[in-house]
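In the UniProt record's numbering, the protein residues as written are 1 to 203. Glycine included, each C-beta is placed from N, C-alpha and C at the ideal position. So the structure is just underneath, and the comments pick up after that.
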Ligand SMILES: Cc1cc2nc3c(=O)[nH]c(=O)nc-3n(C[C@H](O)[C@H](O)[C@H](O)COP(=O)(O)O)c2cc1C
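Pasting the structure below:
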């Protein structure tokens, strides 16, 4: 029987899993559950949540990044209430992560430019929408100029989406880790701010 991991090993494994998920997405090899995450936000009316794609991980500095339309409701919410939670679930390993984050919006700077440069035209296509996400439309609207249909924009055409593109940089303040197992669940909390503090929790 392999010995149970220490808190430090478990914490390191969380970040390794995030990095692996990203690598598998980029290589289009396997579909790790951590490739998408639910962003939970506060609103003036209560709370909101939606799925986004994990785009970058910094395991050393404890940051993750995702992309969004700069006009989206979540951007307004994150600006008004700059605290949020990222929820991830990997069914293969039965692991849930809850990341308490402090978001930072990047639209017109080198961070957004770098991510935009690496985004292929298919990913850029959704930023060509003429309409604010969530705005009422008189008929179904595909989220990009309808004449594009299933085609990809040319690299030149895709540049029209750049003003609508935003990167949300998430400083991870704490991780709540839960692994389900018939042999016993494992729950732990890894806090980075204001001081590093790792604890086992009752599941
Ligand atoms: C699998 C999946 C991945 C998604 N990835 C993103 C994403 O990376 N960024 C994003 O802004 N929206 C993404 N969406 C759409 C959002 O869930 C949401 O519908 C949209 O961003 C509008 O949210 P908002 O009005 O709360 O801003 C994704 C949806 C799904 C189903």
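Review point. If you measure from the CB of residue 25, is any heavy atom of ligand 1 nearer than 7 Å?
Key: no
Original post:
Among residues of its own chain, excluding the 5 on either side of residue 50, which ones have a beta-carbon nearer than 8 Å to its beta-carbon?
Top reply: 38, 39 and 74
Exercise for review: Ignoring anything shorter than 3 residues or poking outside the region 79–126, list the beta strand (DSSP E) runs there in chain order.
Suggested key: 84–90 and 95–106
Report whether the distance from the Cβ of residue 51 to the nearest heavy atom of ligand 1 is below 7 Å. yes
Residues in the same chain with beta-carbon distance under 8 Å from residue 41, minus the five sequence neighbours each way, listed in chain order, please.
47, 48, 49, 74, 77, 78, 81 and 84
**Study point:** Euclidean distance between Cα positions of residue 101 and residue 187
**Key:** Answer to the nearest angstrom: the Cα atoms are 19 Å apart.
Requested in this report: Provide the residue span of the alpha helix (DSSP H) that contains residue 202, from first to last.
Outcome: First-last for residue 202: undefined, no H or E at that position.
Next on the checklist: Checking the sheet assignment: what are the DSSP bridge partners for residue 34?
Outcome noted: Paired residues: none, contrary to the question.
Fill in: Nearest residue (CA-CA) to residue 210, options 177, 183, 169 and 140
This structure leaves residue 210 out entirely; the chain is present only between 1 and 203.
**Item:** Sequence ranges, alpha helix (DSSP H) only - wholly within the region 154–182, length at least 4
**Value:** Segments of the alpha helix (DSSP H) lying fully in the region 154–182: 155–158.
Tell me, please, which residues DSSP counts as bridged to residue 186.
179
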